[in-house]
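Colleague: Protein chains in written order, with my numbering: chain A, 28 to 684; chain B, 217 to 700; chain C, 967 to 1160; chain D, 94 to 194; chain E, 13 to 536.
Below: one structure in structure tokens.
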Amino acid sequence: MLNSTELLAIPALPLIASLVVGLFGWALKEKLSHTITSASVILSALLSAHVFTQVLGGASFYGNFWTWMLSDTFVVPVGMMIDQLTVIMMLTVTVVSSCVHIYTIGYMHGDPGYSRFFSYISGFTFSMLVLVMGNNFFTLFFGWEAVGLVSYLLIGFWFKRESANFAAMKAFIVNRVGDFGFLVGVLAIWYYFGSFDYRDVFAQVPALVAQGDSLHFLGWEMSAITFICLSLFVGAMGKSGQVPLHVWLPDSMEGPTPISALIHAATMVTAGVFMVARCSPMFEYSETALAAVVFVGAVTAWMCATIGLVQTDIKRVIAYSTCSQLGYMFVACGVSAYSAAIFHLMTHAYFKALLFLAAGSVIHAVMAEQDLRKMGQLRKAMPVTYITMLIAALALSGVPPFAGFWSKDLIIEAVGAREMGLVGDFAYFAVLSAVFMTAFYTFRMFFLTFHNSDRVAAKTKPHVHESPKVITIPLMILAVGALLTGAWGVMGLDIANPEIANGYFGSSLFVLDAHNPLMTLAEEGEHGWYHFVFTAPFWLAISGIGLAYAMYFRETDMPAKLAAASKPVYTFILNKWYWDELYAKTVMYPAQGLGRWLWQKGDLAMIDKGLIHGGIVGGVLAGMNRMRAMQTGYVYHYAFAMIIGVFATLTYLVLKG
Amino acid sequence: MNPVNINMPVIAPLIPEMFVAVMAMVILIGDLFLAKEHKVWSGYLAILTCVVAGFLTFSMSPSHAVTAFYGLFVLDPFASYAKLLIYAGTALAIILSLDYIKDEFGVGEYYSLMLFGMLGMMIIVSSPNFVTMYLGLELMALCTYVLVGFQRDVLRSSEAALKYFILGSLATGILLYGISFLYGVTGSFDFASVGAGIAHSGSSGRLAVLLGMVLVIAGLAFKVSIAPFHMWTPDAYEGAPTPVTAYMSVAPKVAGLVILIRVLVDVMPSLHVEYVTIFTWLAVLTMAVGNLAAIAQRNIKRMLAYSTIGHVGFVMLGIIAGNADGYAGVLVYMTIYLFMNMGAFAVIVLMRRDGIQGELLDDFAGLSKVHPGYALAMGLYLFSLAGIPFLGGFWGKYVVFMAAIETGHLYLAITALLFSVVGAFYYIRVVKYIYFDDTRVEFNFVENRLMQATVAVTAIAVVGLGLYPGPLINICKAALGGII
Amino acid sequence: MLELGFFYMFAGLAVISALAVVLSRNSVHAVMSLILCFFNAAGLFFLLDAEFIGIILILVYVGAVMVLFMFVVMLLEVNFVSVREGMLKYLPVGGVIALILFAEIVAAASSGVFSPDGIPDPGHVAQQLNNTVEIGKMLYTKYLLGFEIAAIVLLVALVGAIVLTLRVRTDVRYQNISKQVNVNPADRMHKVKM
Amino acid sequence: MVPLSAYLAVAACLFSIGIVGLFLNRKNVLIILMCIELILLSVNINLAAFSHFLQDISGQIFIFFVLTVAASEVAVGLAILVAYYRNRRSINVDDINTLQG
Amino acid sequence: MMELNNVLGFPILTWSIFLPTLGAIIIWLFVRGESAVRWTALAVSVLTFLLTLLLWIYFDNGTAHMQFEEFHPWITAFNVNYRLGVDGISMPFILLTSLLTVVCIVSAWDCIKTRVKEYMLAFLILETTLIGVFAALDGILFYFFWEAMLIPMFLIIGVWGGKNRVYATIKFFLYTLGGSVLMLVALLAMYFKAGHTFDLQALMAYPFNFEWQFWIWIGFFIAFAVKVPMWPLHTWLPDAHTEAPTAGSVILAGILLKMGAYGFLRFSLPICPDASQYFVPLMVVLSLIAVVYISLVAMMQSDMKRLIAYSSIAHMGFVTLGTFMFTQQALEGAIFGMISHGFVAAALFLCVGVLYDRMHTREIGAYGGVVNVMPKFAAVMMLFCMANVALPGASAFIAEIMVLAGTFSADQLYEMVISSKWVAVAAATSVVLSACYTLWMYKRVVFGDLVKPEVKAMPDMSWRELGFFAPLMVLVLWLGLYPMPVLNVIHVSVANLVEQATSTKLHAAHALAQAEMLQQTVLR
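Next up, the structure:
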């Protein structure tokens, strides 16, 4: 067993730092703010590393700390579950977070919201740790929502910018759509398993499947486990920016670059992947859900890659790349190669964070300019950034021996190995073609930034310089990660081991033997270190880089020609497949219109005017006027009324008998 | 027939009546000897008369029915209780008159007429016989006719009196015609004998009995403003001097309701089904007229007139219930109504704007800012009239509704409750003027200690009865011992 | 038979004169008609052995009340426009209701209890008795209270009539404070269009 | 012999005429007062008839009271009318409508 | 005379109810000067709050029986008694009331400048009636307090309200009065049916047959539905909220709305279990309309208070949904939701009040960029907005999730027209919708650049303002992270309620009818 105090300290340190800086930031100097937060996160990273080594040694932890909610059979404890899956996430989160903290010291220097920013990112670290360390779905959900909140706050960090505020709101609401699904899934879990606890739930899955419960709705039927998994996956789609809930992720680039690196690339957006992997004991039992995961992942991987091809904003290119890469991870989950997904998650965290931070360094240098068309020839001025970004780009493109190669290749092979029918074939095509596109857009961006012609605005030019140490050091640390984690993962941790139980992940992931792609791979035969030479992805990546070299390094007028030649397609892709417009037309405006209609026509016209004023008040007023009119003031009318009264009652009684 | 032995009649139960009659005459004569500035002493004397009469009635209140004057007069707890209410209503009305009437011609006559009217009511509530009832009603009616028209130089006062008089006479005619038929069927004017006679009249006399019943009920309904015999009420209330309006709004209603109950209980028990049917419809009509027409009013006296009609509609639920709870409910209701209504009139009389007696709703604007005390009291009366709890008015409604539901008149009770919601609107509209609006013209309130005390006492009574109505309800239930 | 004849005479004249009261153009004629009606009613009273009441009716009503009426008619010097004007408009509805009501009353009046089976005609057995004495005996014994109250009613009527009509001085100007106090604010100021 | 119902019918006639006169007359208040007298008279005829046929003197006593009271009423009513006339200078029934609504 | 279960040995409930009135009388008669009035009112309300804390401390979590009982005959003629007592369902509301009154009085410290004395009196008397409602165990006593509440509230809105206050307050008054009259009819009818008693526990035990339950339920339903308010009887609320002064809105949203749902819990479910079950579809539909329809309407509001008012209706839709699911979780969630909403909605109205005090407009469009000048305020409002969205960690989340869980599992309990799962799914759309309207408002008001000169001049929150937000913040977070203290209080009582609501009275009613018939034949 692991030491629970130590485990508690890992999330608690960033939390305390965040609260202290958040509440008393106004009284603290900049230096104190960043020292407190950075120190706590680094400490937490060190502790995570310590825990990691212990886990490698076979230790684990499972326990509850207090009861959050309790009502009869509805029991929600707050507890932790530390196993191989958790600990690798903890490590990734804390390490990347530490780098980002340090980087931020330089990047956000002088910003009026300096200490607020540190408070946020420390708070984020805490939330993310809760998310990964929890031992039940509600602890997960707590972290899940908390990271969403911090993401919202950070996207809207520069609250004076209208676009930032809008992007923040969009991010939150789109995420809430996902959360809706997640919540429904959690409710279904409680309904069928009577618990929220991972262990209890997972232990009961086979029984439920055997029982064959199914749900009916409007004549539509599905098995309970499929319902649960699909609902949970909707949550994952929201958080991890999968089509069609991906629209918030590129917009989230409105936030400061460090958080783009930390939240919208390395950690938070991968929470969905983590969750699916965590729930592998459930997903494994639902072919439908797996197919859906594969399909959505593949569509996202391919579609976002196409959008990435033409973006001109440096951060947006990387953002679409992130979507695309998350798609890879989901495809991996869908084909039951969970270990590959987590592996790619880890490598991606390092190189994508690096890519963002390097981009941030560039942006910093060109005075907050993000448009690729206004950069170029920055290689000389920023050597460290140049090198580190090159490493990241190569890693992303999947060039051996950089980290991305190892994980991506494993995924593609797994997809190829898994028989899933049409969906599987589509996925294989998608991930393969996306490799080419990834390489192309990555290097397009790279060349446009550092090579090509010098298009930097005249007044910015004197400002261009290499970033300070505090920025470059995290870049270098991450570059090491981007270089080595892939090889380390395969060789050191034995992640690709098809016998999951024997590999690094041990029992933390679950795959049915019936569809274990890695097993299939293993059966197909051993590969040597050189086997990449014979695989398609490698060559696709190389050709992508080559095309980018051709178009943006050599023949720099080619892109414009190409764009003109394929105008409709180009415009379509440039406008991001018109997703935003689609949502505006089909969801946002109709909802607003419906709201206004219900208000004006329903509440005001029908209920207030019609029913209340017209019906009841109108009736009362009509009665009032009638009564008033009867009181004419003439004595003979009064007398007549009396006589009528006598007459009517008497006649009534006479007739009644 | 042999020469009858003239025995001295039993007169002891009439001591309060005799006292009041004597005092009324004393005031009538004594007033002539008072200088103009001392005429207010007539008023004090009249109040004293009410108080003493109250003591007399209270000390004499019997535990069972006592008859006097050869059975033409009955004193039972029911009558005693009603008399106490009548004294209170009259005394309060006199208090309101002290300042209002002091410059009019015939102050002494005014107070004396009030006392005579009160005497009429006392006789009404004690009558076991149509003769006594008729004479009592007429005594009361003549006094009120004159009082309504008392401001003889004010057009609306005389007009009100004229209308009231014409319609009142018509009602008297109708009542008498009915009595004559009942007499024809039964050969007696005595309630008990008439009741017995009706019960035995059989089918051959049914039509005559029904005619008599309808006409008698119509005649009495006029006195208590049951629609459609209510038409005089708004005009008379508006035209009459305000204290007279106050006087008319409670005491005669008590007398009318009491005699109505007596007639129903003693004379028409065998016609229960018929009169309940009639009253049900009349009650709905009355509530509708009272509560709906009141909304349209800008003059508070007129509004309160319609409000009275509306309340009579509610009170009728107790009569329709026709059991001890219902009749007790009528007494409870009228007791509480006495306080809240007289209180409201007291505030109206106290209020003067720019030297003009305020009667329009607009005149109340901003009262709360100038005189929070009166505003609070008025607010309490109005909420109480609307029937909101912790104020007495709620219990008034409660008891009659309860009686109605107990006897199965569920739909009637629901109708009544819905009308009470409509009614709440015009009461709270006055609260709106008092509390929400700004003052426009300066107030100069009447300075009169007795009237201020009236406001205080009635306000406290309204709250007190709202918080602890138990004893009142018990007393009213006990007061019914004599008749049911 | 004679009695029946007298009855028809009195009854017919009473009804006709009553109609004349309602329909006459001139108030003076109306009062005169009413007097005639009372005379006939007194005649009916005599037929019913109620001599005292019949006499009283003539003495009090014709002798005093009707004179009072006439006095007021003259006093008010009203210029008499047609009383019947506008009557026709309301006659249909009012007439129908009155007719039905009348029919109902007559039906009630002729119902079984009042038929000779229900109340046999006593004849004029009471003629030996002195009607006035009988009334007196009753009035001062059983109905003594009523008598007392009636006295007070008369007093009230007296006081009331005086209070309402007595004029103090009409030839001098004097301030009427109550009028000032009670004036309706709306009446105080008239906006005049200029 | 004259039957009871004949007297009652006469009374009913007078009653109805009184009532009709009351609400059909739109011009002269005095006529209204006279109509009321007619109604009271019809009551008296009723009472007298019943008193006779029932051989019960109390009916006549009642008539006595009705007459007394009616006389008082007339006094008060005419007084009110006079007071009204002084204010309005009219006894036209159509004019008595300042109070309404 | 029955044994009264009261561990404290003194009539604490009576003291809690009437201490504010006593204070009001003292202020009315003896206290002069605005400042003195404010301090006295504060002292009285704090004292009341401390007194009600005793209820919390001495409350026995282990029993569903009424506690701190008191009994005095009141109107013996009708067997109306002054019967007080609390159980786990009502006790939290008393604390909520006494706490929010303190907040209201503090919040009105500076912004009420006219008729301060009357204002404080109105609030203290209002507190009396509200605590009375929650403590009453006699039908008529309940009704008495229920209706008496109208008077102070009518004045609060009407005297200290906004431009259109007269319309709003009269609408409020008549709606609620009209709604509750039928409750009186139902109470009286029950009185005669159940053997001349208004004792709630006796009524709960009495076996009404279905027809009786049906009509009684409807009578209560209208009263409670107006108060909650439920669509389509809700239109008074936005008006009332918009026009009410800040503290009026606070108490309106914080307590008054709860009275309706509390009524369902206290009357409808235990007295008419069969009718309640019968009407589940109706309640479900109305609740879902409240969640979806009202949320959409809320989104389009341009007036902040109106928006929050609509949001309150939507949240109360959750409460009514939970109430009529008869599962332990759903009912506890509903109760917890009311308490949580009491804090959150109150705080949001206070936020609007803070802005209103500075700019005297509630139009969202008039603001923008408030965060630049009022960072503290922005943080506070962010917290409550997120609580309104029911983010985990805020109390509203607990409520929402428990209601949803209870709803989701309700079809294990009984057959429904459509599976309750789908009801829960439909209700869960609130997760998205509440975020839409709340965040959109927050964005438009707080975020953005400073362009409007009026906004530039706004000072940040004072210590006093922070002072009345502080307890609410603490409570929202505390209950969000560790709700067990409250849940423990309500567990047993709710379990008892579930027992009552899911059982049927029909067998007993049938048996009773048989017995009566037998008795009649014997008598005949």
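We put the CB at the ideal spot given by N, CA and C, even for glycine.
Between E:His372, E:Met295 and E:Ala411, which lies nearest to His327 of chain E when the distance is taken from Cα to Cα?
Modeller: The shortest C-alpha separation from His327 of chain E is found at E:Ala411.
Colleague: Can you tell me the Cα-Cα spacing of Asp653 of chain B and Phe166 of chain E, whole angstroms?
Modeller: Distance between the alpha carbons of Asp653 of chain B and Phe166 of chain E is about 14 Å.
Colleague: Is Thr339 of chain A helix, strand or coil by DSSP?
Modeller: It is coil, neither helix nor strand.
Colleague: If you pair each beta-carbon of the segment 301 to 308 of chain B with each one of the segment 331 to 344 of chain B, do three or more pairs fall below 8 Å?
Modeller: Yes, since at least three Cβ pairs between the segment 301 to 308 of chain B and the segment 331 to 344 of chain B fall closer than 8 Å, the two stretches touch.
Colleague: Report the CB separation of Asp472 of chain E from Phe336 of chain E in whole angstroms; it is logged as a contact under 8 Å.
Modeller: Asp472 of chain E to Phe336 of chain E, Cβ: 44 Å. No contact.
Colleague: Quick check on this structure: which residue in A:Trp217, A:Pro271, A:Phe145 and A:Thr465 has the alpha carbon closest to the alpha carbon of Phe254 of chain A?
Modeller: With distances taken between Cα atoms, Phe254 of chain A lies closest to A:Trp217.
Colleague: Tell me which residues of the segment 498 to 517 of chain B have at least one Cβ-Cβ distance to chain D shorter than 7 Å, keeping chain order.
Modeller: Result list: Ala512.
Colleague: Along chain E, which residues have their Cβ under 7 Å away from the Cβ of Gln238 of chain A?
Modeller: Going along chain E, no residue has its Cβ under 7 Å from Gln238 of chain A, so there is no contact; the nearest lies around 15 Å.
Colleague: One question on the structure: do Phe61 of chain E and Ser119 of chain E come within less than 8 Å of each other, judged by their Cβ atoms?
Modeller: Not in contact: Phe61 of chain E and Ser119 of chain E (Cβ atoms no closer than 8 Å).
Colleague: So, Pro41 of chain A versus Val68 of chain A, is the Cβ gap smaller than 8 Å?
Modeller: In this structure, Val68 of chain A lies closer than 8 Å to Pro41 of chain A by Cβ.
Colleague: Against chain C, with Cβ distances strictly below 8 Å, would Gln195 of chain D count as a contact?
Modeller: Any property of residue 195 of chain D remains undetermined from this structure, which presents chain D solely from 94 to 194.
Colleague: Please identify, using Cβ separations under 8 Å, the residues of the segment 73 to 88 of chain E that lie next to chain H, in order along the chain.
Modeller: Absent here is chain H; the protein component of the structure consists of chains A, B, C, D and E.
Colleague: Measuring CB to CB, does Leu362 of chain E end up less than 8 Å from Thr258 of chain E?
Modeller: Their beta carbons are under 8 Å apart, which means Leu362 of chain E touches Thr258 of chain E by this criterion.
Colleague: Mind checking the segment 461 to 474 of chain B against chain A and listing, in chain order, the residues whose C-beta falls within less than 7 Å of any C-beta there?
Modeller: Residues passing the 7 Å Cβ filter: none.
Colleague: How about Met316 of chain E and Tyr449 of chain E: are their beta carbons less than 8 Å apart?
Modeller: Against a cut-off of 8 Å, the Cβ pair of Tyr449 of chain E and Met316 of chain E comes out as no contact.
Colleague: Given that Glu354 of chain B touches chain D, what residues does it touch there, using C-beta distances under 7 Å?
Modeller: The contacting residues are Val162.
Colleague: Entirely within the segment 300 to 382 of chain B and at least 3 residues each: give me those beta strand (DSSP E) ranges in chain order.
Modeller: DSSP runs (the beta strand (DSSP E)) wholly in the segment 300 to 382 of chain B: none.
Colleague: Taking the alpha-carbon positions, what's the Met496 of chain E to Phe165 of chain A distance?
Modeller: Rounded to the nearest angstrom, the two C-alpha atoms are 16 Å apart.
Colleague: Using DSSP with H/G/I as helix, E/B as strand and the rest coil, what is Thr94 of chain A?
Modeller: Of the three classes helix, strand and coil, the one that applies to Thr94 of chain A here is strand, per DSSP.
Colleague: Any C-beta of chain D sitting closer than 8 Å to the C-beta of Phe998 of chain C?
Modeller: Rather than Phe, the amino acid found at residue 998 of chain C in this sequence is Met. So, not an interface residue.
Colleague: Shortest alpha-carbon distance to Gly85 of chain A belongs to which of A:Thr94, A:Met96, A:Asp110 and A:Pro428?
Modeller: Checked all of A:Thr94, A:Met96, A:Asp110 and A:Pro428; the closest Cα to Gly85 of chain A is A:Asp110.
Colleague: Between Gly650 of chain A and chain D, is any beta-carbon pair separated by less than 8 Å?
Modeller: No, Gly650 of chain A does not count as interfacial toward chain D.
Colleague: Say whether chain C places a C-beta atom closer than 8 Å to the C-beta of Val681 of chain A.
Modeller: Cβ-Cβ to chain C under 8 Å: yes for Val681 of chain A.
Colleague: In angstroms with no decimal places, state the Cα-to-Cα distance between Tyr531 of chain A and Glu281 of chain A.
Modeller: Between Tyr531 of chain A and Glu281 of chain A, the C-alpha separation is close to 38 Å.
Colleague: What does a CB cutoff of less than 7 Å around Ile63 of chain A pick up in its chain, not counting 5 residues either side in sequence?
Modeller: Here the set comprises Ala44, Val47 and Val48.
Colleague: Tell me where the alpha helix (DSSP H) around Ser434 of chain A begins and ends.
Modeller: It spans Ala430 to Ala444 - the alpha helix (DSSP H) in which Ser434 of chain A sits, taken as one unbroken run.
Colleague: Going along the chain, which residues of its own chain have a beta-carbon closer than 6 Å to the beta-carbon of Ser523 of chain B, five neighbours each way excluded?
Modeller: Ala510.
Colleague: List the whole-angstrom C-beta distance separating Ile621 of chain B from Leu200 of chain E, where the pair is believed to meet the contact cut-off of C-beta under 8 Å.
Modeller: Correct: roughly 5 Å between the Cβ atoms.
Colleague: What are the partner residues of Arg95 of chain E, as DSSP defines its beta bridges?
Modeller: Partner(s): E:Phe83.
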